[in-house]
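A.B. asks: Using our numbering, you'd call the opening residue of the sequence shown number 106 and step up by one each time. By construction, the Cβ of each residue, glycine as well, lies at the ideal position given by its N, Cα and C atoms.
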Amino acid sequence: MTIDDLALTLHPELGCRTAIHLLECFGSAEAVFAASAGELVRRAELKPALARGLCRREYHQAAERELAFCERNRIRPVAAGDESYPRRLLECADYPHVIYLKGAPELSGGHWLSVVGTRKATPYGQKMCDRLIGELSALFPDLVVVSGLAYGIDVAAHRAAMQHGVRTVAVLGHPLTHIYPQAHTETARRIVSLGGTLISEYPSTARPDKAGFVQRNRLIAGLSDGTVIVESAARGGSLITADMAGGYHREVMAVPGRVGDRCAEGTNALIRSLKAQMVCSGADIAEILGWEAPAPSGKAVGQSLFAETGPLAPSVGNESAGATGAAYREAVLPDSVAASAAGDGRVASLPGLLGDDPVSLDELSIRSGIAVAELPALLLELELAGRICALPGNLYMKN
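#1: Is residue 343 near residue 221, with beta carbons less than 8 Å apart?
#2: Is residue 269 buried or exposed, if buried means 16 or more other CB atoms sit within 10 Å of its CB?
#3: In the DSSP output, which residue or residues are listed as bridge partners for residue 332?
#4: From residue 263 to residue 157, what does the alpha carbon distance come to, in whole angstroms?
#5: Sort 355, 259, 373 and 227 by Cα distance to residue 286 and report the nearest one.
#6: Have a look at residue 142 and residue 159 and give me their C-alpha separation to the nearest angstrom.
#7: Which residue marks the beginning of the alpha helix (DSSP H) containing residue 267, and which one marks its end?
#8: In angstroms, rounded to a whole number, what distance separates the CA positions of residue 249 and residue 482?
#9: State the DSSP-derived secondary structure class of residue 454, mapped to helix, strand or coil.
#10: Let me make sure I understand the geometry here. Which of 371, 335, 325 and 365 has the alpha-carbon closest to that of residue 349?
#11: Contact defined as beta carbons within less than 8 Å: I believe residue 360 pairs with residue 233. What is the distance between those atoms, to the nearest angstrom?
#12: Here's the rule I'm using: 16 or more other beta-carbon atoms within 10 Å means buried, otherwise exposed. How should residue 283 be labelled?
#13: Please identify the residue among 176, 225, 114 and 274 whose C-alpha is closest to the C-alpha of residue 337.
#14: Starting from residue 494 and walking both ways along the beta strand (DSSP E), at which residues does that stretch end?
#15: Going by DSSP, which residues form a beta bridge with residue 382?
#16: Could you pull out every residue in the same chain whose Cβ sits closer than 7 Å to the Cβ of residue 347, ignoring the five residues on either side in sequence?
#17: Reducing DSSP to helix, strand and coil, say where residue 181 ends up.
#18: Quick check: what's the CA-CA separation for residue 367 versus residue 133?
What follows is the structure, given as C-alpha cells:
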C-alpha cells in the first residue's frame with residue numbers, strides 16, 4: 106500500500122469503478138500518477154480536467170495525513186494489491202481499492218458467512234442467530250461471521266459468534282473514527298480483542314451519511330461465500346444485501362418465519378420468489394455452500410481465539426472455550442447453585458413448560474402451579490445453567 110494508492114481513493118471524482126478501470130489500464134496506482142494527462146485521456150478515456158488534476162497530485166498531501174492518522178490510531182489501510190486484501194472482494198466488480206482495518210488482518214482464510222436482518226429483531230430471530238452460528242461453529246472452527254454492527258440481527262450475529270468462539274467481522278458504513286450506533290462501541294471493542302476485525306472503506310475525513318450504510322452492504326455481501334437473512338420486513342436494508350449477494354453470484358439464504366409476522370414478510374418473500382434458499386439449521390447452510398466439515402481432531406472449537414482473552418474466557422477444565430453458551434454456563438456454574446437446581450424437582454420441570462414462544466411469569470405460574478413470587482429465583486437457576494432464556498419484560502423461553 107503506497108501514498109499513491111491512498112491518493113487515488115481520496116479524489117472525490119474517482120469512484121470505485123473508475124479507480125479499478127485506471128488500475129486495469131496502467132497496472133498500479135504509481136503508474137497512474139506517473140502517466141501524462143494525454144495518456145490518461147487516451148488510454149483511460151478520462152475527462153481532460155480530471156486527467157490534469159491527477160497529474161497535479163492534488164490529493165497526495167491528504168493521503169500523507171491519512172496515513173499518519175492511521176499509524177497513530179493503529180488502523181491498517183490495505184490496497185487491493187496487498188496480500189492482506191480479502192480475495193473474495195476482488196471477485197466483485199465494484200470492490201474498494203483501499204479498505205481500512207482495525208484488528209486482525211487475516212481476511213481470506215476460513216469459512217465466511219454473512220448474517221444480516223432487521224433492526225427490530227424478535228426473540229425468535231435472536232435465537233435463530235445463536236442456533237445457526239452455534240451449529241456451524243461446532244462443524245467449522247474456522248468460521249468467520251460477517252455483519253454490519255447495526256441494531257437487531259446484525260449485533261446478535263456478532264455476539265453469537267463471540268459467544269461460540271469464532272471470529273466475527275463488522276463492516277461499517279462510516280470511518281473508523283467512531284462507532285455507530287454508539288451503544289455498540291463496547292461490542293466493537295470485544296470484536297477486536299477476540300481476534301475479529303472492523304472494516305471500513307471510508308477515510309477519517311469522510312463525513313458519515315445514509316448512502317454509506319447502503320454502500321457497506323455490498324462489502325458484507327462480497328466478503329462471504331453466502332449471506333443468510335434471518336429476519337426482514339417487506340422492505341429493509343437486509344433485502345438490499347440479499348440482492349447484492351445474488352448479483353455477486355453468492356448463495357442467498359433465508360430463515361422462514363411465521364405467517365403474519367411483520368419481521369418475516371421479507372424473508373418469506375425471498376424464499377417464495379426463489380431468490381433465497383430456505384435454511385433452518387447450520388447443516389442446511391453447510392450443504393448449500395458445499396462446505397464439508399473436517400474430521401474430528403479432538404481440538405477444542407475456538408480454543409486459539411480465547412487463549413489470551415483473560416476474564417472473558419475463564420478456565421473451564423476440559424471444556425472448550427468456544428463451547429455453546431449452555432455448556433459454558435454449566436461449566437462455570439457455582440456448586441451451590443448447581444446443587445440447588447438438581448435438588449428442587451420444581452426447577453427440573455420448568456424447562457418442559459417453555460417453548461419457542463415467550464411465556465410470561467403469570468402464564469408460567471398457571472402452568473407449573475408455582476407461586477409467581479417464587480418463580481424468579483427458580484428461573485434464575487435455570488438461566489445460569491443455560492436451560493432457559495430470559496427476555497425483557499419478564500418473559501421466558503426454552504434455550
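C.D. replies: Let me spell this out:
#1: As a working mapping, residue 343 is identified with position 238 in the sequence shown. As a working mapping, residue 221 is identified with position 116 in the sequence shown. Their beta carbons are under 8 Å apart, which means residue 343 touches residue 221 by this criterion.
#2: Position 164 of the sequence shown, counted from the start, is the residue given in the question as residue 269. Buried, since its Cβ has 16 or more Cβ neighbours within 10 Å.
#3: If you number the sequence shown from 1, residue 332 lands on position 227. Answer is 219 and 357.
#4: As a working note, residue 263 is residue 158 in the sequence shown. As a working note, residue 157 is residue 52 in the sequence shown. Those two C-alpha atoms are separated by around 45 Å.
#5: The residue labelled residue 286 in the question sits at position 181 within the sequence shown. Comparing Cα-Cα distances from residue 286 to each of 355, 259, 373 and 227, the minimum goes to 259.
#6: Counted from its first residue, the sequence shown places residue 142 at position 37. Counted from its first residue, the sequence shown places residue 159 at position 54. Cα-Cα distance, rounded: 8 Å.
#7: Mapped onto the sequence shown, residue 267 falls at position 162. 258-268 is the extent of the alpha helix (DSSP H) around residue 267.
#8: Locating residue 249 in the sequence shown gives position 144, counting from the first residue. Locating residue 482 in the sequence shown gives position 377, counting from the first residue. Distance between the alpha carbons of residue 249 and residue 482 is about 37 Å.
#9: Taking the first residue of the sequence shown as 1, we reach residue 454 at position 349. Helix.
#10: Walking along the sequence shown from the start, residue 349 turns up at place 244. The candidate whose alpha carbon is nearest that of residue 349 is 325.
#11: To locate residue 360, count along the sequence shown from 1; it is residue 255. To locate residue 233, count along the sequence shown from 1; it is residue 128. Their Cβ separation, rounded to whole angstroms, is 5 Å, which keeps residue 360 and residue 233 in contact under 8 Å.
#12: For the purposes of this step, residue 283 is taken as residue 178 along the sequence shown, with counting starting at 1. Result: exposed.
#13: Position 232 of the sequence shown, counted from the first residue, corresponds to residue 337. Ranking 176, 225, 114 and 274 by Cα distance to residue 337 puts 225 first.
#14: Looking up residue 494 in the sequence shown gives position 389. Taken as a continuous stretch (DSSP letters only), the beta strand (DSSP E) holding residue 494 covers 493-496.
#15: Sequence index remark: in the sequence shown, residue 382 carries index 277 (1-based). DSSP output for residue 382 lists 358 as bridge partner(s).
#16: Walking along the sequence shown from the start, residue 347 turns up at place 242. Once the five neighbours on either side are set aside, the close Cβ partners of residue 347 are 332, 334, 357, 375, 380 and 381.
#17: Translated into the one-based positions of the sequence shown, residue 181 becomes position 76. Three-state result, residue 181: strand.
#18: On the sequence shown, residue 367 is found 262 positions in, with the first residue counted as 1. On the sequence shown, residue 133 is found 28 positions in, with the first residue counted as 1. Between residue 367 and residue 133, the C-alpha separation is close to 49 Å.
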